[in-house]
Amino acid sequence: MADSSSDEKHPQDVSVDNRSLENDTAAEKRLVRKTDLLMMPGLALAYFTHTLDRANLGNAKTDGFEKDLGLVGNQFSLLLVLFYVPYALFNIPWTILAKRYNSARVIPLAILAWGACTMGAAAAKNFAGIMATRIIMGAIEAACQRAILKTGGSTSLK
């Protein structure tokens, strides 16, 4: 076995320039601040619209949504509940995709697909149409949620 005392590093052998560390820290803080100012408003807007979408179904119900689409029985409840099934199922796959392909690619595609589904939901004329769009929206919103949280968390200083 090798002598452990010869493998140790001695404090007097290591020199560190404190000024370069201070400059690196200041540069890193400026970079994080600039990144936050560029990214966070857009990410916050996307997060706000997705949250608003989930909350507005209740508002639509009070405005005659069920009557307009001819919903009967527990169909409105199914719209609310079945949104969260793909939302829960697609959280992990979207997290893996955002990690593998970069959130900068996943977020715009997910927001574009979410916008298309939202327009489809607005054009729905019956229960089947609105249910299909809500299920697809659940899967897509899982992508946005995971990628936005990953992106927002990766820009902060540790």
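Residue numbers (numbering that gives the first Met the number 0): 0 to 157.
Ideal Cβ placement from N, Cα and C applies to all residues, glycine included.
It should be emphasised that the depicted structure is a prediction, and the values quoted were computed from it without experimental measurement.
To the nearest whole angstrom, what separates the beta carbons of residue i and residue j, a pair I think is in contact under 8 angstroms?
{"i": "Ala141", "j": "Asn101", "result": "Contact flag wrong, Cβ pair sits at about 17 angstroms."}
{"i": "Phe75", "j": "Lys98", "result": "With 8 angstroms as the limit, Phe75 and Lys98 do not qualify as a contact, their Cβ atoms being about 36 angstroms apart."}
{"i": "Leu56", "j": "Leu78", "result": "7 angstroms"}
{"i": "Pro85", "j": "Gly137", "result": "4 angstroms"}
{"i": "Ala146", "j": "Ile95", "result": "Going by Cβ atoms, the distance from Ala146 to Ile95 rounds to 11 angstroms, so no, they are not a contact pair."}
{"i": "Ala115", "j": "Cys143", "result": "The pair is not a contact, with the Cβ atoms about 13 angstroms apart (cut-off 8 angstroms)."}
Where does the unbroken alpha helix (DSSP H) through residue i begin, and where does it stop?
{"i": "Val71", "result": "From DSSP, Val71 is part of no alpha helix (DSSP H); its letter is neither H nor E."}
{"i": "Ala112", "result": "Ser102 to Ala122"}
Have a look at residue i and residue j and give me their C-alpha separation to the nearest angstrom.
{"i": "Val80", "j": "Arg32", "result": "39 angstroms"}
{"i": "Leu51", "j": "Arg29", "result": "32 angstroms"}
{"i": "Leu68", "j": "Tyr83", "result": "21 angstroms"}
{"i": "Ala103", "j": "Gly72", "result": "42 angstroms"}
{"i": "Ala122", "j": "Gly128", "result": "8 angstroms"}
{"i": "Glu161", "j": "Thr117", "result": "The question about residue 161 has no answer here: the residues shown for the chain are numbered 0 through 157."}
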